[in-house]
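This report concerns only the one structure given below.
Protein chains: 2
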Amino acid sequence: MRQVSTLSSDLVAAGFHALSETLRVQILDLLRTRELCVCDLCEELAATQSKLSFHLKVLKEAELVRSRQEGRWMYYSLNLPQFVVLEQYLAEYRRFSPIIPTRSCDD
Amino acid sequence: MRQVSTLSSDLVAAGFHALSETLRVQILDLLRTRELCVCDLCEELAATQSKLSFHLKVLKEAELVRSRQEGRWMYYSLNLPQFVVLEQYLAEYRRFSPIIPTRSCDD
DNA sequence: TTGACGTATCAACTTATATTGATGTATTTT
DNA sequence: AAAATACATCAATATAAGTTGATACGTCAA
Numbered sequence: 007m008r009q010v011s012t013l014s015s016d017l018v019a020a021g022f023h024a025l026s027e028t029l030r031v032q033i034l035d036l037l038r039t040r041e042l043c044v045c046d047l048c049e050e051l052a053a054t055q056s057k058l059s060f061h062l063k064v065l066k067e068a069e070l071v072r073s074r075q076e077g078r079w080m081y082y083s084l085n086l087p088q089f090v091v092l093e094q095y096l097a098e099y100r101r102f103s104p105i106i107p108t109r110s111c112d113d
Numbered sequence: 007m008r009q010v011s012t013l014s015s016d017l018v019a020a021g022f023h024a025l026s027e028t029l030r031v032q033i034l035d036l037l038r039t040r041e042l043c044v045c046d047l048c049e050e051l052a053a054t055q056s057k058l059s060f061h062l063k064v065l066k067e068a069e070l071v072r073s074r075q076e077g078r079w080m081y082y083s084l085n086l087p088q089f090v091v092l093e094q095y096l097a098e099y100r101r102f103s104p105i106i107p108t109r110s111c112d113d
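One line per chain: the protein sequences are A and B, in this order. Residues in the first sequence are numbered consecutively from 7, following this note's numbering. Residues in the second sequence are numbered consecutively from 7, following this note's numbering.
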């Protein structure tokens, strides 16, 4: 885990950062059922368009969502593989963390 | 997932927030091998004591670490069950996110 | 019981994130 | 071509998070 490239660990950090905000989590939750455009999200979440654009950009940079333009609409959807990346990152902690007896500071 | 209590989703958000910071991730990484006190972490990470106390508090509030006092030392260790909670939260996205065909805005 | 040590906390400051309202840019409709 | 729509971006502001140095608190050793 320590030898993982900076690039991918930056992406992991970006992912966790993206997941630490209420509105962004609400966006992701809505995207679980279907692809949505920004105006759909504005309605559902009663948030302004520019606010949503901001948070969607954060989610996109973390690669938790994808976007696809269709005419004047921009459709956002979950990018599930990146969720798996984060999940596996956490799983590493379980795998390689032995329960080791206390080592005293005053040895 | 939407019906999860506010309390636990706050904890999940706190967990992801805690994981989005370099120094905190370094702390967690060190704790993977063994329990450590603050002075150990100061040395290993070349960071000031008050800085580490700050970040350890963030980690503790997110329940990603536990602490245990022994004399004048405070030993920190990973709280693996909370890692599992976060992992499972992410896993939910995989489980219940069907690939549904695009619904157009102009239907 | 005094002094040193390990840690937590605090106040002041710096830096990073988020919000708001306005403007810009495609795209479509008329 | 002009007006309307959907969205992104920007500058200004507000809020939150992190850093720093100082101080306070409990514990231990002398």
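For every residue, glycine included, the Cβ atom is placed at its ideal position computed from N, Cα and C. None of the values given here were measured: they were computed from a predicted structure.
Quick one: what's got a C-beta closer than 8 Å to glutamine 94 of chain A's C-beta in the same chain, skipping five residues either side? none
Relative to the C-alpha of alanine 20 of chain A, which residue among A:Leu96, A:Ala97, A:Leu37 and A:Leu92 is closest? A:Leu92
Which bits of chain B does phenylalanine 93 of chain A rub up against, with CB to CB less than 8 Å? Here residue 93 of chain A turns out to be glutamate, not phenylalanine, going by the sequence shown. Residues of chain B passing the Cβ test: Glu93, Leu96, Ala97 and Arg100.
From B:Gln75, B:Gln88 and B:Phe89, pick the residue whose C-alpha is nearest to that of leucine 42 of chain B; which is it? B:Gln75
Which residues of the segment 12-23 of chain B have a Cβ closer than 7 Å to any Cβ of chain A? Give them in chain order. Ala19, Phe22 and His23
Classify arginine 100 of chain A as buried or exposed, calling it buried when 16 or more other Cβ atoms lie within 10 Å of its own Cβ. exposed
With 16 other Cβ atoms within 10 Å as the buried cut-off, status of aspartate 46 of chain B: buried
Taking Cβ-Cβ distances shorter than 8 Å, what residues in chain A pair up with threonine 28 of chain B? Ala19
With 9 Å as the limit, tell me which residues of the segment 36-50 of chain A have their beta carbon closer than that to any beta carbon of chain B; keep them in chain order. Leu37, Arg38, Thr39, Arg40, Glu41, Leu42, Cys43, Cys45 and Asp46
When DSSP labels each residue in this structure, what does leucine 84 of chain B get in the three-state scheme? Three-state DSSP puts leucine 84 of chain B in a strand.
For lysine 57 of chain A, tell me which candidate among A:Ala68, A:Glu69, A:Glu27 and A:Ser83 has the shortest Cα-Cα distance. The alpha carbon of lysine 57 of chain A has as its nearest neighbour, out of A:Ala68, A:Glu69, A:Glu27 and A:Ser83, the alpha carbon of A:Glu27.
So with CB distances below 7 Å, who are the chain A contacts of valine 90 of chain B? Arg100
Three-state secondary structure (DSSP) of valine 10 of chain A: No answer about valine 10 of chain A holds up, because its pLDDT of 45 lies below 50 and its placement is not dependable.
Looking at C-alpha atoms only, which residue of A:Met80, A:Ser14 and A:Arg72 is the closest neighbour of cysteine 48 of chain A? A:Met80
Going by DSSP in three states, valine 18 of chain A sits in which element: helix, strand or coil? helix
So which of A:Arg40, A:Leu86, A:Ile33 and A:Ala53 has the shortest CA-CA distance to valine 64 of chain A? A:Ile33
Can leucine 86 of chain A and leucine 37 of chain A be called in contact, C-beta distance under 8 Å? no
CB contact below 8 Å: histidine 61 of chain A versus chain B: no
Would you grab the beta carbon distance between glutamine 88 of chain A and leucine 70 of chain A for me? Rounded to a whole angstrom, and I think it's under 8 Å. With a Cβ gap of about 5 Å, glutamine 88 of chain A and leucine 70 of chain A count as contacting.
Going by alpha carbons, who is nearest to alanine 68 of chain A out of A:Ala53, A:Ala97 and A:Val90? That would be A:Val90, whose Cα lies nearest to the Cα of alanine 68 of chain A.
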